[in-house]
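Input: a single structure, listed below in structure tokens.
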Amino acid sequence: MATVNRRPRVFFDITINDAPVGRIVMALYSDVLPKTAGNCRALCTGERGVERSGKPLHYKGTRFLRVGDPGLHFFICMEKAPWLDGEQVVFGRVVAGMTVVKAIDLMGSMSGDTKTEVLIADCGHLS
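Quick note: the sequence shown uses full-length UniProt numbering, first residue 1, plus one each step.
Structure representation (structure tokens):
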């Protein structure tokens with residue numbers, strides 16, 4: 001349990017149709033996957049700068065289910081997903097805000113797009 005408490009935490013403040021829904025807090029497994037966890041943390045803080053196109057390398061202000069360049073996207077699984085074994089890595093877990101995650105899940109569709117705009121209004125690293 002002590003390791004979990006020392007892991008870096010990041011947050012996502014979520015809006016649905018411009019209405020604040022709440023905050024998701026994730027603990028990152030930096031002790032197991034330092035590069036992947038560090039990449040996620042950097043994308044939350046904006047410290048990676050900008051892409052060649054000038055677009056910020058930052059999650060803030062992006063659609064929650066946006067698919068971007070490899071290494072820039074992530075997803076939260078709502079149930080076990082054995083088909084992802086060997087394809088994706090688990091680099092963190094939600095430690096607060098599961099009601100927000102469930103609200104986002106309700107906005108999903110069979111196509112994978114959201115029924116309405118789900119936005120990461122703000123994000124960052126928690127001390």
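Using N, Cα and C, we set each Cβ at its ideal position, and we do this for glycine too.
Decide if the region 96 to 112 is in contact with the region 37 to 54; the criterion is three or more beta carbon pairs, one per stretch, under 8 Å apart. no
Check: In chain order, what residues of the same chain have a beta carbon less than 8 Å from the beta carbon of residue 77, not counting five sequence neighbours either side?
Finding: 84
### Message
Taking its Cβ as the centre, do 16 or more other Cβ atoms sit within 10 Å of residue 75, making it buried, or is it exposed?
### Response
exposed
Residue 48 - DSSP class collapsed to helix/strand/coil
coil
**Item:** Residue span of the alpha helix (DSSP H) that contains residue 81, given as start and end
**Value:** Neither: residue 81 is in no alpha helix (DSSP H) and is coded neither H nor E.
Practice prompt. Take residue 13 and list the residues in its own chain whose beta-carbon comes closer than 6 Å to its own, dropping the five residues that flank it on each side.
Written response: 23, 121, 122
**OP:** Can you tell me which of the three DSSP states residue 105 falls into?
**Re:** helix
- So which of 8, 16, 82, 114 has the shortest CA-CA distance to residue 35? 8
If distances are taken between C-alpha atoms only, which option among 89, 118, 11, 6 comes closest to residue 103?
118
Problem set entry | DSSP state of residue 89 mapped onto helix, strand, coil | coil
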